[in-house]
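These notes are about the structure you will find just below.
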Amino acid sequence: MNSRITGSVPAARLWKGPRIPVGRWGLATGVFIIGFITLVAILAPWIAPYSPYEQSLANRLVQPVFMEGGTWGHILGTDHLGRDYLSRLIYGARLSLLVGFGTIVLSAVMGIGLGLLGGYFGGRVDMAVMFLLTVRLSLPIMLVAISLVGLLGNSLPLMMLILACFLWDQFLVVTRSLTMRLRNAEFVLAARAAGLSNVRIMIGEVLPNLVSPLIVVGTLEMAHAILLEAALSFLGLGIRPPDSSWGLMIAEAKDFVFFESWLVNIPGLAMLVLVAGITFLGEGLRAWLAPDSSQ
Amino acid sequence: MAYYIARRLGLAIMVMLTISFMSFVMLKMSGDLAISLAGEGSGADYVEFLRKTYGWDKPLPVQYWNWLIKALQGDVGTSFYYGSPVLSLIAERLPATLSLGAMAITMALAVAIPLGMAGGRAPGSIIDRIALFIALLGVSTPIFWLSFLLILVLGIQFAVLPISGGGSVRHLAMPAMALAFYSMPAIIRISRAGMIEVMRSEYIRTARAKGLRPWQIYLQHALRNTLVPVVAVASVQFGFLLGGSVVVENIFAIHGIGYLTWEAINQNDYPVVQAALLAVSAAYVVLTLLADIVNMMIDPRIRLE
Chain A
1 MNSRITGSVP AARLWKGPRI PVGRWGLATG VFIIGFITLV AILAPWIAPY
51 SPYEQSLANR LVQPVFMEGG TWGHILGTDH LGRDYLSRLI YGARLSLLVG
101 FGTIVLSAVM GIGLGLLGGY FGGRVDMAVM FLLTVRLSLP IMLVAISLVG
151 LLGNSLPLMM LILACFLWDQ FLVVTRSLTM RLRNAEFVLA ARAAGLSNVR
201 IMIGEVLPNL VSPLIVVGTL EMAHAILLEA ALSFLGLGIR PPDSSWGLMI
251 AEAKDFVFFE SWLVNIPGLA MLVLVAGITF LGEGLRAWLA PDSSQ
Chain B
1001 MAYYIARRLG LAIMVMLTIS FMSFVMLKMS GDLAISLAGE GSGADYVEFL
1051 RKTYGWDKPL PVQYWNWLIK ALQGDVGTSF YYGSPVLSLI AERLPATLSL
1101 GAMAITMALA VAIPLGMAGG RAPGSIIDRI ALFIALLGVS TPIFWLSFLL
1151 ILVLGIQFAV LPISGGGSVR HLAMPAMALA FYSMPAIIRI SRAGMIEVMR
1201 SEYIRTARAK GLRPWQIYLQ HALRNTLVPV VAVASVQFGF LLGGSVVVEN
1251 IFAIHGIGYL TWEAINQNDY PVVQAALLAV SAAYVVLTLL ADIVNMMIDP
1301 RIRLE
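Residue numbers (my numbering), protein chains in the order written: chain A, 1 to 295; chain B, 1001 to 1305.
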């Protein structure tokens, strides 16, 4: 733990989650789970047995096939409006991955940009960047996110932008500390002597060296984004009905939880598998791509 | 030491000022407060009157300054919905969230520190694998699903705990468990890493060589040195819990700050939203400040940096 790397913020404060050491099998598990869910999400219109929106009040709350009274017609049953649960689950996967990926791209741009500035220029620029980071870390992410979404609206791009505003800190920390190490490297000095502009050095010379650790950060932050989206939708402030999101599915099922608990457990389990898969993928990639930062 | 504390305090104040400014801008972005307050379909005269009364016709920086002075005196506005001062609403709801958070962090520390240390003592052992598996479940389980699982198992199946409402320790037990599970991974991870580092150190070898019993080594030597990062992480986690309890408060119908904020968002009661954000951020800033000072006392090396 080195507080010089993080400036005024003690390093321990930046540990948002555990780094769970996983071996090769972990990476393989992650690749398999995420690959499968991504494939399902992309192929949703072709493999979903029904439309996720089509209601059928005659077929409300049909039990899933593994329970008594279930039929193969609706493998995971139907919800309180008679919509096929499997189809809603498949479309929900699409949304989770879309939000996760979109948010990470946006937050990566913010965090990497700030990290390059702080790490490359140092001094006052770096102080300003670190102050921004301290402010960001002092904001209660869940409360601010629901307030902003409630205030500004919950269109999908806006929601991704709002989430991205809170998930750039890891990108910043990693980019900044690595940029600091590289800023006096010979190839950077050579580029400077050759008359390249600072922007070109940062993006063309420094950034390519940071790709591996940043991919790891991006993967792990994606899990945060997906969980946040689910929580927002669960609170009725994210994805709006009739669209399908796993968080929304749980919210819609909450009145039936005492009698039909599978309505809550199916999307909950799906979420667990997806986030665990992303964690395996991220930690596996860390062990593979950036072994020195794995402790 | 005094210098360090002063600098750290200065930083905390600047952070709070920045957050207050952001929350002020957020409140302004929410639309025209005079219209929200007057209600739809009110006459233009009335709206204009409200705007004048509250000083919303002045330039923004002036408005911020006036608002800040008032806020420092404890006046953070009036709730649109309840009509009562926001500060009293917050004060009414804060204890529930604080006691929930305190209970959750206590549970998390009580389970996660021994688990993490036991794992770190022998990396790769069965207990280490169990610790890491629990950490993995903790990061991956959506808290709202976990809450429902707890309700189904402890509330319905075994019917040992009440499933909704607040007020007593038993009411808070299930929501606190859900929150604790969520903050355990970070604590497991950091106490595990600390333990691994400590076990490699010279003084543990010395202690062993002196013939101290294992439990003496762990409790008297290892625990103390694992504690510094744990204090920092625990304070951060407690801050997360205060902000993150909104989902759990919602499910278990606990009338804390999170529930208040959620209600206020749905009722467009922006002064309450703003004040709740400020209160939780302030709690977090104070907590991290205290944690840094505590750490300075535990570990003199920090003072020298």
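Glycine included, every Cβ here is placed at the ideal spot set by N, Cα and C.
I need the straight-line Cα distance from residue i to residue j, nearest angstrom please.
i: L1089/B; j: L1100/B; result: 18 Å
i: L1219/B; j: D1299/B; result: 17 Å
i: S1164/B; j: L1094/B; result: 18 Å
i: G1055/B; j: F1080/B; result: 17 Å
i: V44/A; j: T29/A; result: Note on residue identity: the sequence assigns Ala, not Val, to residue 44/A. Approximately 22 Å, taken between the alpha carbons.
i: I1217/B; j: Q1063/B; result: 60 Å
i: M1174/B; j: K254/A; result: 17 Å
i: L220/A; j: I278/A; result: 7 Å
i: V275/A; j: G73/A; result: 29 Å
i: P1069/B; j: F1024/B; result: As written in the sequence, residue 1069/B is Ile, which differs from the Pro given in the question. Taking the straight line from one Cα to the other gives about 13 Å.
i: S294/A; j: F66/A; result: For S294/A, the predicted structure reports a pLDDT of 39, less than 50, and the residue's modelled location is therefore unreliable. The matter cannot be settled from this model.
i: A251/A; j: P1162/B; result: 21 Å
i: M127/A; j: R1224/B; result: 33 Å
i: I1265/B; j: L151/A; result: 7 Å
i: L116/A; j: V216/A; result: 17 Å
i: P267/A; j: L106/A; result: 27 Å
i: S1140/B; j: L1179/B; result: 13 Å
i: R192/A; j: I203/A; result: 13 Å
i: R200/A; j: M222/A; result: 28 Å
i: Y1082/B; j: F1238/B; result: 29 Å
i: F1252/B; j: N184/A; result: 55 Å
i: L991/B; j: A1232/B; result: There is no way to answer for residue 991/B, as the model of chain B reaches only from 1001 to 1305.
i: V211/A; j: L133/A; result: 21 Å
i: L61/A; j: R88/A; result: 14 Å
i: P49/A; j: Y91/A; result: 11 Å
i: S8/A; j: M130/A; result: Low local confidence applies: a pLDDT of 39 at S8/A is under 50, so the model's placement there is unreliable, and no value is given.
i: V144/A; j: M1026/B; result: 10 Å
i: P1185/B; j: G1194/B; result: 14 Å
Leaving aside the five residues before and after residue i along the sequence, list all residues of the same chain whose C-beta is less than 6 Å from its C-beta, in chain order.
i: V1076/B; result: V1086, L1087 and A1275
i: L300/A; result: Absent from the model: residue 300/A. The displayed extent of chain A is 1 to 295, so no value can be given.
i: G138/A; result: Reading off the sequence, residue 138/A comes out as Ser, not Gly. Result list for S138/A: empty, nothing under 6 Å.
i: A1118/B; result: I1127
i: G17/A; result: With a pLDDT of only 45 at G17/A, under 50, the local geometry of the prediction cannot be trusted, and the value read off the model is given with reservation. Here the set comprises nothing.
i: L81/A; result: Q55
i: R1192/B; result: G1116, G1119 and G1120
Tell me, which residues are paired with residue i by DSSP?
i: P1085/B; result: T1078/B
i: D1032/B; result: Answer by DSSP bridge pairing: none, since D1032/B is not bridged.
i: H74/A; result: T71/A
i: D305/A; result: No information on residue 305/A is available, as it lies outside the stretch 1 to 295 that chain A covers here.
Go through its chain and collect everything with a Cβ distance to residue i's Cβ below 7 Å, but skip five positions before and after it.
i: I1196/B; result: G1120 and P1123
i: K1052/B; result: none
i: G1243/B; result: V1280
i: L182/A; result: V188, V206 and N209
i: R240/A; result: N154
i: V1160/B; result: L1154
i: A1006/B; result: none
i: E1048/B; result: none
i: V1294/B; result: V1231
Looking only at C-alpha atoms, which of the options sits nearest to residue i?
i: A1071/B; options: V1047/B, F1049/B, T1097/B and S1020/B; result: S1020/B
i: L289/A; options: N209/A, P213/A, P267/A and M222/A; result: P213/A
i: M160/A; options: F280/A, I266/A, L228/A and M249/A; result: L228/A
i: A1282/B; options: S1125/B, I1013/B and W1215/B; result: I1013/B
i: V135/A; options: G102/A, F166/A, S244/A and Q55/A; result: F166/A
i: E1202/B; options: L1017/B, I1188/B and A1222/B; result: A1222/B
i: A1102/B; options: R1200/B, M1177/B and M1001/B; result: M1177/B
i: W1262/B; options: F234/A, A185/A and S177/A; result: F234/A
i: T103/A; options: M130/A, A270/A, A225/A and L143/A; result: A225/A
i: A1091/B; options: L1260/B, L1227/B, L1241/B and W1067/B; result: L1260/B
i: L1060/B; options: D1032/B, R1170/B and I1204/B; result: D1032/B
i: V1272/B; options: S1084/B, L1212/B and K1058/B; result: S1084/B
i: I1130/B; options: P1142/B, V1111/B and S1183/B; result: V1111/B
Residues in its own chain within less than 8 Å of residue i by CB, not counting five upstream and five downstream?
i: M1199/B; result: G1120, R1121 and A1222
i: R1189/B; result: G1116 and A1135
### Query
Taking any Cβ of chain B, which residues in the stretch 252-286 of chain A have a Cβ under 7 Å from it, in chain order?
V257, F258, S261, V264, G268, M271, L272, V275, A276 and T279
### Task
Compile a chain-ordered list of the residues in the stretch 40-72 of chain A whose CB is closer than 8 Å to at least one CB of chain B.
none
### Task
Could you name the residues of the stretch 194-210 of chain A whose beta carbon sits closer than 9 Å to any beta carbon of chain B, in the order they occur along the chain?
none
### Query
Taking Cβ-Cβ distances below 8 Å as the criterion, which residues of the stretch 1050-1081 of chain B are in contact with chain A?
none
### Task
Pull out every residue of the stretch 1142-1154 of chain B whose Cβ sits closer than 9 Å to any Cβ of chain A, in chain order.
P1142, I1143, F1144, W1145, L1146, F1148, L1149, I1151 and L1152
#### Entry: Positions along the stretch 1230-1261 of chain B whose CB lies within less than 9 Å of some CB in chain A
V1230, V1231, A1232, V1233, S1235, V1236, G1239, F1240, L1242, G1243, G1244, S1245, V1246, V1247, N1250, I1251, I1257, G1258 and T1261
### Query
Using a beta-carbon distance cut-off of less than 9 Å, what residues from the stretch 237-249 of chain A approach chain B?
L237, W246 and G247
### Interface residues of the stretch 83-109 of chain A facing chain B [CB-CB below 9 Å]
none
### Message
Which residues of the stretch 149-178 of chain A have a Cβ closer than 8 Å to any Cβ of chain B? Give them in chain order.
### Response
G150, L151 and L152
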